[in-house]
């Protein structure tokens, strides 16, 4: 399967803050047109982020005449970027960033002799949800547990009946791993005496408008996960 690619073209200057979004694992192109109406192939270009202001690192740096700037590049970006020569010939600066990670979320500054340009990159991550029977497997009374691993920004979780009514959660926990991705989990108590019913766990992240849902069907004293 080919990885998705995202390309956004901006006509911008430092007084504006165009924003684009991408998901972890995608390849993205941060592009803008400085409206110089000329070939930029021989034009010096450098790019850095807010995180690099104090370290003097760069995402990429192209000088005139050309020289080896590999030691000036941030280790996190080495081998993951490419400046499009084809777009430079059209007067467009386009930085391709491969396999984006959570840490790539930042403000990106592009510096040319004609001025400085800024683009905000927001990174998202989402995952599927799963419901398990955590206690009372005889279904005399059930504690249902829903978990979803690998979100950014942190999502919200809610429980629902098949009639569209919300269920109060007994527990709700959010944790994060060293890469900055969040895991959310929750439990709810239901009684098997209510007869055959379906219950769903809904995980929603507002910034990227992403929702993942899992459902479990209870049939009297027997239980069967259906999604």
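In UniProt numbering, the protein residues as written are 1 to 227.
Note that the Cβ used here is the ideal one computed from N, Cα and C, for glycine as well.
Label residue i either buried or exposed according to how many other C-beta atoms from any shown protein chain fall within 10 Å of its C-beta, with 16 as the threshold for buried.
i: residue 53; result: exposed
i: residue 65; result: exposed
i: residue 191; result: exposed
i: residue 165; result: exposed
i: residue 124; result: buried
i: residue 171; result: exposed
i: residue 62; result: buried
i: residue 147; result: buried
i: residue 177; result: exposed
i: residue 17; result: exposed
According to DSSP, is residue i helix, strand or coil?
i: residue 213; result: strand
i: residue 89; result: helix
i: residue 96; result: strand
i: residue 33; result: coil
i: residue 27; result: strand
i: residue 17; result: coil
i: residue 102; result: helix
i: residue 40; result: coil
i: residue 52; result: helix
i: residue 167; result: strand
i: residue 114; result: coil
i: residue 208; result: coil
i: residue 200; result: strand
i: residue 158; result: strand
i: residue 64; result: coil
i: residue 188; result: strand
i: residue 45; result: strand
Residues bridged to residue i by DSSP?
i: residue 127; result: Answer by DSSP bridge pairing: none, since residue 127 is not bridged.
i: residue 183; result: 149, 175
i: residue 78; result: Bridge partners of residue 78: none, in fact.
i: residue 133; result: 144
i: residue 107; result: 120
i: residue 71; result: Note: residue 71 sits in no beta bridge, so no partner.
Contact check, residue i vs residue j under 8 Å by CB: the rounded distance?
i: residue 59; j: residue 81; result: 6 Å
i: residue 228; j: residue 31; result: Given a span of 1 to 227 for the chain in the structure shown, any question on residue 228 remains unanswerable.
i: residue 93; j: residue 46; result: That pair is no contact at about 11 Å.
i: residue 121; j: residue 105; result: 6 Å
i: residue 214; j: residue 129; result: 4 Å
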